[in-house]
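Only one structure is covered here, and it is reproduced in the block below.
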Amino acid sequence: MSLSDLIFHHRDFLDKYDCSRYNVDIIPLVERQNIPVGTLFLSLGALCELFYLPCLWAIYQQIKSNRFATCYTFMFYLGVVDAIGLLDSGFLCGTVSIKGMVFCQAPITALVTANVGLFGWFSANTTTLILAINRCMVIYDDDLADRLFKGRRGTLWLIIPITVGLVGMFVSPPVFYNPMDSSALFNPHRHYLPDEPFVHGTANLIYNWLIVIAIPTIYVIFAVCLANRLRSRGMLDIRGSRKLAKDLSTFLQVLMTSIFVMSTSIGFIYQEYLVSHPIFVYVAYIIYQGSPAFIYLCMNQSIRNTLLAKAGKVHQSTNFAASNVISTREQSTRQNIREQKRASVLISENN
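Letter by letter, the sequence shown follows residues 7 to 357 in my numbering.
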């Protein structure tokens, strides 16, 4: 049941998520817990956040300096959504696995976090599609890309993923993490009550198929158009060689991110249709959320340089502070020696 059912079919919504129909403890705690999986999810979430947060800071610095602002605006929004999603998929779900908590032990918290995750899935994937269109267009026709994305127009494009995220959250039932399956499923009462048609997310499934179809379609159309243009003009006529190299680098980063998005969508489709090992799908989901950080660090020289420059300043300030401490200690030692000498002179004069 989606949020629209909460508004328009309130009683049905409450009935479907009613926790009074069974006792959670009919399944022993030891059968609900999965400490190794919880530890794995916590570790993956922490690792991805550790790399992603510095990248977000570096991306924000790029936006402030107005270099590639439109592209980095999309990347920053995608990063914020992913970082919040990692708190849910990595830290929260890892904790749930370790503690063996199920939906009816904290239904309100589960509903809120599940809908936040649903918004993130729809919004982040739509942002990736826009990024792909932007990067393809920049390489193919820079003037057209400027007319569509430059300046405030680029920020206005963010209305699309935000709207898609809200609509998706409104029409699609949320998915709830279940520690016994180590994955997120539509049925919050799984293992307690049988599956019912209402818990299968048709809207979510349709969206996943659209992502799987749209991503390769965008790149195939781009490849065909660029190939035709290269035959007539040549690469260097289209763009300056140095600028082209930078644009191609960013293009490859977005392409890698798109591949992760498409692969995860395929995983969720596979899980919906066939009996699978859901833990692998969920591990892929966590990696998908953290993958942009590793892609940026490996392939984006601007982000690397910004972080290295910051690390150098921190190192210099640390050395400066340490040298100040040492010099202060030396001055104090010298002062003590002088005072001791003066005291010795006074004693000898008195004698």
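For each residue, glycine too, the CB sits at the ideal point set by N, CA and C.
Given the structure is predicted, the values throughout are model-derived calculations rather than measurements.
Close Cβ partners of residue i (< 6 Å) along its chain, the five nearest in sequence each way excluded
i: Gly126; result: Val87, Gly91
i: Ile13; result: none
i: Gly142; result: With the sequence shown as reference, residue 142 is identified as Cys, and Gly is not the correct amino acid for it. Cβ neighbours of Cys142 beyond the five flanking positions: Phe228.
i: Asp21; result: none
i: His321; result: Because the pLDDT of His321 is 48, which lies under 50, any placement of that residue in the model is unreliable, and the number read from its coordinates should be weighed accordingly. Result list for His321: empty, nothing under 6 Å.
i: Ile39; result: Per the sequence presented here, residue 39 reads as Gln, with Ile not at that position. Excluding residues within five positions, the ones whose Cβ falls inside 6 Å are Gly106.
i: Pro180; result: Ala120, Asn121, Leu124
i: Phe326; result: For Phe326, the predicted structure reports a pLDDT of 44, less than 50, and the residue's modelled location is therefore unreliable. A value from the coordinates is still provided. Excluding residues within five positions, none has a Cβ falling inside 6 Å.
i: Ser103; result: Asn40, Val43, Gly44, Pro185
i: Gly160; result: Thr76, Thr79
i: Ala116; result: Phe109, Phe182
i: Gly96; result: Phe47, Leu50, Gly51, Ile292
i: Asn214; result: Ser271, Phe274, Ile275
i: Ala151; result: Met143, Val144
i: Glu37; result: none
Own chain, CB closer than 8 Å to residue i, minus 5 neighbours either side, in chain order
i: Leu35; result: Gly106
i: Ile136; result: Phe80, Trp163, Ile166, Pro167
i: Leu98; result: Thr119, Tyr183
i: Gln67; result: Thr312
i: Ile69; result: Ala75, Tyr78, Thr79, Phe82
i: Gln111; result: Val30
Of the residues the options, the one placed nearest residue i, counting alpha carbons only
i: Leu9; options: Phe47, Ile114, Ser178; result: Ser178
i: Ser308; options: Gln39, Leu62, Asp24, Arg38; result: Leu62
i: Gly123; options: Ala190, Phe19, Phe109, Tyr213; result: Ala190
i: Leu258; options: Gln67, Tyr302, Leu150, Trp163; result: Tyr302
i: Val267; options: Phe228, Asn311, Leu216; result: Leu216
i: Leu261; options: Ile69, Gly96, Asn140, Lys70; result: Asn140
i: Ile212; options: Asn184, Leu236, Gly174; result: Gly174
i: Leu154; options: Thr76, Asp94, Pro200; result: Thr76
i: Leu314; options: Val218, Gly171, Ala64; result: Ala64
i: Phe82; options: Tyr58, Asp94, Gly100, Gly96; result: Tyr58
i: Asn131; options: Ala299, Asp187, Ile265; result: Ile265
i: Ile221; options: Asn234, Ser188, Leu232, Ser269; result: Ser269
i: Val287; options: Ile33, Val43, Leu172, Arg158; result: Val43
i: Phe274; options: Asn234, Gly207, Cys231; result: Gly207
i: Thr129; options: Val170, Met186, Asp201, Pro60; result: Reading the sequence as shown, one finds Ser at residue 129 and not Thr. Measuring from the Cα of Ser129, the nearest candidate turns out to be Val170.
i: Asn360; options: Arg310, Arg237, Val218, Tyr198; result: With the chain represented from 7 up to 357, any question about residue 360 goes unanswered, as that position is not in the structure.
i: Cys304; options: Asn234, Tyr146, Ser255; result: Ser255
i: Ile33; options: Ala299, Thr263, Lys70, His195; result: His195
i: Tyr291; options: Leu93, Arg27, Leu56, Lys70; result: Leu93
i: Asp148; options: Glu55, Lys316, Leu232; result: Leu232
i: Val218; options: Ser271, Ile224, Tyr225; result: Ser271
i: Ala317; options: Glu55, His15, Pro60; result: Pro60
i: Glu134; options: Leu172, Asp31, Thr263, Tyr225; result: According to the sequence shown, residue 134 is Thr rather than Glu. Of Leu172, Asp31, Thr263, Tyr225, the residue nearest in Cα terms is Thr263.
i: Ala138; options: Arg235, Arg27, Ile224, Arg237; result: Ile224
i: Val230; options: Ala89, Glu55, Ile145; result: Ile145
i: Ala89; options: Lys156, Glu55, Arg235; result: Glu55
Residues near residue i by beta carbon distance below 7 Å, same chain, minus five either side
i: Pro113; result: Tyr23, Cys25
i: Asn210; result: Ser178
i: Arg310; result: Leu303
i: Ser188; result: Asn40, Val43, Ser103, Pro284, Ile285, Tyr288
i: Ile332; result: Its pLDDT being 49, under 50, Ile332 is placed unreliably by the model, and nothing is read from it.
i: Phe300; result: Phe57
i: Asp31; result: none
i: Gly85; result: Tyr58, Cys61, Leu62, Ile65, Pro298
i: Lys156; result: Thr76
Bridge partners - residue i, DSSP secondary structure assignment
i: Ala190; result: Tyr183
Does the count of Cβ pairs from the segment 292-307 and the segment 49-61 closer than 8 Å reach three? yes
Checklist entry - Along the chain, which unbroken stretches of the alpha helix (DSSP H) at least 4 residues long are found entirely within the segment 12-67? => result With a minimum length of 4 residues, the continuous alpha helix (DSSP H) runs that stay inside the segment 12-67 are 16-22, 35-38.
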